[in-house]
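Line order of the protein sequences matches chains A and B. Counting from 1372, one number per residue, gives the positions in the first sequence under my numbering. Counting from 1372, one number per residue, gives the positions in the second sequence under my numbering. Okay, structure first, notes after.
There are 2 protein chains.
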Amino acid sequence: MKDPIEIRHLRCFLALANTLHFTRAAANLGIAQSALSLQLQRLERAIGYPLVQRTTRGVTLTPAGSLLASRAAGTLRKVEDDLEHVRRIGSGQEGILTVGFSGSVMLTQLPLAIESFRASYPGVELRLRELTTARQLVALRDGALDLAFLRDGDPSPGITLTTLHSERYLAILPERHPLATRRKLRPADLRGESFVLYSRTEGALAFDRTADCLGAPLRIVQEAPQWPTVVRLVGAGIGVSIAPACVAELAMPGVVFRPLQSDARTTVDLAVPAGAINPLVTNFRLKARAHFLARPALPTVRPV
Amino acid sequence: MKDPIEIRHLRCFLALANTLHFTRAAANLGIAQSALSLQLQRLERAIGYPLVQRTTRGVTLTPAGSLLASRAAGTLRKVEDDLEHVRRIGSGQEGILTVGFSGSVMLTQLPLAIESFRASYPGVELRLRELTTARQLVALRDGALDLAFLRDGDPSPGITLTTLHSERYLAILPERHPLATRRKLRPADLRGESFVLYSRTEGALAFDRTADCLGAPLRIVQEAPQWPTVVRLVGAGIGVSIAPACVAELAMPGVVFRPLQSDARTTVDLAVPAGAINPLVTNFRLKARAHFLARPALPTVRPV
DNA sequence: TAAAAATACTCCATAGGTATTTTAT
DNA sequence: ATAAAATACCTATGGAGTATTTTTA
């Protein structure tokens, strides 16, 4: 196993096979004729058989040399192509990015961020998966997700959290509810109401924060795992609800949204595995951050 | 274009990708851990992006590294395969060999030599072409033939000739010819006969030697480009003929062959382009020589 | 604290350069 | 006599080794 063959040897040999002339081939390679001569001798020694027949008027390929010339060209091209591909992946121009999200984050700037990312990186395949917050954390740790958008993410070992966005709460009331005539509500106004809440299983911290923002125990009559369901149940008169401001996007006849005068806030957090170096993740984070920062304000809560 | 990537780098990276552990990978490669570490750094610098993520419990591939690992394996295999193929061609185990022959050489040991070569080198494709001597020389010079068997080859610039075989002449007579009763003939016995000769265009030297071996001008009534035709014409009573001893193989009713008591000899010569280095040529020459040397004697001339 | 990779340094093989010799036409 | 490849000789790069340091779980 002495004398390993290197790509340099193939390059030298190909240049020679193309010109059939040591001096010119060496010039093309940007090296001296003597260097090329030595490289060829090494290559031939490694192979064990002559590849070219030297004459005073240049060079002729032996049958073995002819074969190597045709094969080596393909090999070099393959190596170049592979490197190019690796570089595209390394730079985050290409690849597969699996993004998780949960709860109401699709009502925020996230769709814009996704569209923007798609436009900037057409070579990247985006896979979106809606999961509960807990499942997202597991998926991030075992590599099933590259990146996740959580509602009120819990600090968790092995996961890096960044808060992208923070928003106030609002109350959701049936149109005919006595409080529906008020433009704004204080938390205390809702004491004693029956509540329809977004499921606890979708995210413990988010659930607790929501419940806490009234400052008193809630009477929960129903939980639902999707915000449209919550809104619909309120419209059906089952109870009232509290939701992140962005849920106002889900306007629906028979339901009104009212800002809640409280300092409590709910956040949208971006979670990545600690120490993740996937460049796609970096690129996506940049796009997402840009879009969330561009509209840091609450979405306007339009009373319906 | 600094930092060209070499096969060594790919080998190092593959070993690392397989074990995901610098120390063990270095051991597999038979180099020190520090050497592997440096090679990887060089490779990553050349590519421009990290390929592995170092942790204290080993190593993880980045997406770019995963791609390179799958591609590099194929590249290395391809390089090995190509070299193996080149070596087979270089050693003469494989390839295409075009062999010319002319005149009566197929009546000599040549078929045996061909069979023996085929058996020893099943990977070689043999292409046999029957040509006149003059055309064979041209074909050898322009590369259309790798090797030729000539009857009485002429020394010729750029062609290396080797005499493989030399044989006496014999006379071919119609069965009813007055001389047919003699077991042997002297050249003088044939003075004044009408001759059927193998065509002059098939080989000038062979023709002249044949004519010269009687030591006097011949009366030629017919020329034919194939030995079976010559024999048939003799059988038809057109005339008598003179032929290399091996033509006695073409026994035919109504025709007799008689040894000619003359020192004149005709040769079978092997011709190759001067300076030919094709290993197939070398191998074939060896086989042919062995078969011609094994039976250097004249084929027995059986009076029919 | 322990395992693993990176670093520091040393040595030497070899790629590459310049100048010269050999070789074949 | 000329053009081209091989050779001789020199320098510097970098590959590989040993020993040590840094890092992180």
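Cβ coordinates follow ideal geometry from the N, Cα and C atoms, glycine included.
Item to check | Contact the segment 1519–1538 of chain B vs the segment 1640–1653 of chain B: 3+ CB pairs below 8 Å | outcome: yes
Checklist entry - Do the CB positions of A:LEU1414 and A:GLY1436 come within less than 8 Å of each other? => result no
Item to check | Proximal chain B residues relative to A:SER1462, where beta-carbon distance stays under 7 Å | outcome: TYR1420
Item to check | Three-state secondary structure assigned by DSSP to B:PRO1545 | outcome: strand
Item to check | is_contact[A:LYS1555, chain B] using C-beta, thresh 8 Å | outcome: no
Item to check | Counted within 10 angstroms of its Cβ, other Cβ atoms place B:THR1671 as buried (16 or more) or exposed | outcome: Unreliable positioning characterises B:THR1671 in this predicted model, as indicated by a pLDDT of 39, which lies under 50. The coordinate reading is nonetheless provided below. With fewer than 16 Cβ atoms within 10 Å of its Cβ, B:THR1671 is classed as exposed.
Item to check | Beta-carbon spacing of A:ALA1551, A:VAL1627 below 8 Å | outcome: yes
Checklist entry - Cα separation between B:ARG1489 and A:PRO1434? => result 19 Å
Next on the checklist: Against chain A, does B:GLU1455 count as a neighbour if the rule is that its beta carbon must be under 8 Å from one of theirs?
Outcome noted: no
Item to check | Partners in chain B for A:ASN1389, counting only beta-carbon separations shorter than 7 Å | outcome: None at all; the shortest Cβ gap to chain B is about 17 Å.
Checklist entry - Do you know how far the Cα of A:ALA1622 is from the Cα of A:VAL1675? => result Any reading at A:VAL1675 must be qualified, since the residue scores a pLDDT of 35, below 50, and its modelled position is unreliable; no value is offered.
Next on the checklist: 8 Å is my cut-off, CB to CB: does B:ALA1397 come that close to chain A?
Outcome noted: no
Item to check | Cβ-based neighbour list, A:ARG1459, same chain, cut-off 6 Å, excluding 5 preceding and 5 following | outcome: GLU1465
Next on the checklist: Distance check for A:LEU1561 and A:ASP1634, CA to CA, integer angstroms please.
Outcome noted: 16 Å
Checklist entry - Within 8 Å (strictly less), CB to CB, does B:LEU1438 reach chain A? => result yes
Checklist entry - What residues from chain B crowd round A:PRO1493, counting only those whose CB sits closer than 9 Å? => result Under the 9 Å cutoff, chain B gives no residues; its nearest Cβ is about 17 Å from A:PRO1493.
Next on the checklist: On a Cα-Cα basis, can you pick out the residue from B:ARG1557, B:ILE1591, B:ILE1376 and B:ASP1583 that is closest to B:PHE1566?
Outcome noted: B:ILE1591
Item to check | CB contact below 8 Å: A:GLN1424 versus chain B | outcome: yes
Checklist entry - Using a Cβ cut-off of 9 Å, which residues of the segment 1531–1542 of chain A contact any Cβ in chain B, in chain order? => result none
Checklist entry - List, in order along the chain, the chain B residues whose C-beta lies closer than 7 Å to that of A:GLU1377? => result GLU1377, ILE1378 and ARG1379
Item to check | Extent of the continuous beta strand (DSSP E) run through B:ARG1500 | outcome: 1495–1501
Next on the checklist: Assuming contact is defined by CB atoms lying nearer than 8 Å, are A:ALA1645 and A:GLY1529 in contact in what I supplied?
Outcome noted: yes
Next on the checklist: Beta carbons nearer than 9 Å to chain A: which residues of the segment 1466–1495 of chain B have them?
Outcome noted: GLY1466 and ILE1467
Next on the checklist: Taking the alpha-carbon of A:ASP1452 as reference, which of B:VAL1457, B:LEU1387, B:THR1446 and B:ASP1453 has the nearest alpha-carbon?
Outcome noted: B:THR1446
Checklist entry - Mind checking whether A:ARG1554 and A:ALA1616 have CB atoms under 8 Å apart? => result no
Next on the checklist: If contact is defined by three or more beta carbon pairs under 8 Å, each pair taking one atom from either stretch, is the segment 1478–1485 of chain B in contact with the segment 1658–1665 of chain B?
Outcome noted: yes
Item to check | A:LEU1468 (DSSP reduced to helix, strand or coil) | outcome: strand
Checklist entry - Just the Cα atoms here: how many angstroms apart are B:ALA1386 and A:GLN1424? => result 37 Å
Item to check | Bridge partner(s) assigned by DSSP for B:ALA1614 | outcome: B:LEU1541
Item to check | Cβ pair B:ILE1613, B:THR1581 closer than 8 Å | outcome: yes
Checklist entry - Tell me the DSSP bridge mates of A:HIS1536? => result A:VAL1639
Checklist entry - What does a CB cutoff of less than 7 Å around A:VAL1678 pick up in its chain, not counting 5 residues either side in sequence? => result Beyond the ends of chain A as shown, which are 1372 and 1675, falls residue 1678 of chain A; an answer cannot be given.
Checklist entry - Which whole-angstrom value describes the C-beta separation of B:ILE1679 and A:ILE1376, a residue pair presumed to lie in contact below a C-beta threshold of 8 Å? => result The first residue shown for chain B is 1372 and the last is 1675, placing residue 1679 of chain B beyond what the model contains.
Checklist entry - Under a three-way DSSP split, which group does B:ARG1413 fall into? => result helix
Item to check | Within chain A, the residues that B:THR1446 reaches when beta carbons sit closer than 9 Å | outcome: THR1446, LYS1449, VAL1450 and ASP1453
Item to check | Contacting positions in the segment 1636–1655 of chain A - beta carbon closer than 8 Å to chain B | outcome: GLY1646, ILE1648, ASN1649, PRO1650 and LEU1651
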